[in-house]
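Data first, discussion second: the structure below is written as structure tokens.
Numbering (the numbering used here), first residue to last: 1101 to 1280.
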């Protein structure tokens, strides 16, 4: 009975791992996944979402696009473009949830140079960013490794116990009936 339950649990774990591998495998499709860590773009890009960013040429960006760009500090930001200055090669951006006391969306303090553009957002999966952050940073990395080790260990133990039982049955089947 335990073996059947373990097999079902293992099948579920493999399905979850396959889903996460596909979800986090954006680079295979030319997309880079990023976790949304602030509420500046809610409700479009909720905190904890996983966004997929596609590299684009700055000339392909349009007003209203959500773009990811790198600040001088190295921090990545994803905000909406509200104006494009093609001559200065700059975007003007804002977080759609960043509003002033009158309820107007506050623009970002500095324009974004085209050279800082990482790409444009093409998809958003709510809540998946939390999982991405957890499994890519300690202690989540260690917990995933430990979990995999436990699954492998239990699987080996179940297999060894099963082999022992099979060997005993085979040995018993070779003993003459009058000696059993």
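Glycine residues also receive a C-beta, built at the ideal position from the N, C-alpha and C atoms.
What is the DSSP secondary structure of residue i, reduced to helix, strand or coil?
{"i": "residue 1156", "result": "coil"}
{"i": "residue 1168", "result": "strand"}
{"i": "residue 1198", "result": "strand"}
{"i": "residue 1173", "result": "coil"}
{"i": "residue 1108", "result": "helix"}
{"i": "residue 1145", "result": "coil"}
{"i": "residue 1206", "result": "strand"}
{"i": "residue 1150", "result": "strand"}
{"i": "residue 1135", "result": "strand"}
{"i": "residue 1187", "result": "coil"}
{"i": "residue 1163", "result": "coil"}
May I have the straight-line CA-CA distance separating residue i from residue j, to the nearest angstrom?
{"i": "residue 1218", "j": "residue 1260", "result": "51 Å"}
{"i": "residue 1246", "j": "residue 1147", "result": "28 Å"}
{"i": "residue 1266", "j": "residue 1273", "result": "11 Å"}
{"i": "residue 1171", "j": "residue 1215", "result": "11 Å"}
{"i": "residue 1115", "j": "residue 1270", "result": "35 Å"}
{"i": "residue 1159", "j": "residue 1257", "result": "59 Å"}
{"i": "residue 1118", "j": "residue 1186", "result": "43 Å"}
{"i": "residue 1234", "j": "residue 1240", "result": "5 Å"}
{"i": "residue 1223", "j": "residue 1231", "result": "17 Å"}
{"i": "residue 1125", "j": "residue 1134", "result": "11 Å"}
{"i": "residue 1101", "j": "residue 1264", "result": "17 Å"}
{"i": "residue 1242", "j": "residue 1236", "result": "10 Å"}
Within its chain, find whatever has a CB closer than 8 Å to the CB of residue i; leave out the 5 residues flanking it on each side and keep chain order.
{"i": "residue 1046", "result": "No answer is possible for residue 1046: the residues shown for the chain start at 1101 and end at 1280."}
{"i": "residue 1110", "result": "1251, 1255"}
Is it the case that the Cβ atoms of residue i and residue j are separated by a distance below 8 Å?
{"i": "residue 1212", "j": "residue 1191", "result": "yes"}
{"i": "residue 1169", "j": "residue 1156", "result": "no"}
{"i": "residue 1205", "j": "residue 1144", "result": "no"}
{"i": "residue 1151", "j": "residue 1136", "result": "yes"}
{"i": "residue 1166", "j": "residue 1141", "result": "yes"}
{"i": "residue 1281", "j": "residue 1120", "result": "The structure shown has nothing for residue 1281, since the chain only spans 1101 to 1280."}
Cutting at 7 Å between CB atoms, please list the residues of its own chain near residue i, excluding the five before and the five after it.
{"i": "residue 1208", "result": "1179, 1193, 1194"}
{"i": "residue 1139", "result": "1147, 1197"}
Output needed for residue i: all residues of its chain with C-beta closer than 6 Å, excluding positions within five of it in sequence on either side, in chain order.
{"i": "residue 1189", "result": "1214"}
{"i": "residue 1129", "result": "none"}
Can you check whether the C-beta of residue i is within less than 8 Å of a C-beta belonging to chain B?
{"i": "residue 1188", "result": "Absent from the structure: chain B. Only one protein chain is present."}
In chain order, which continuous runs of the beta strand (DSSP E) of length 3 or greater are located wholly inside the stretch 1213-1257? 1217-1225
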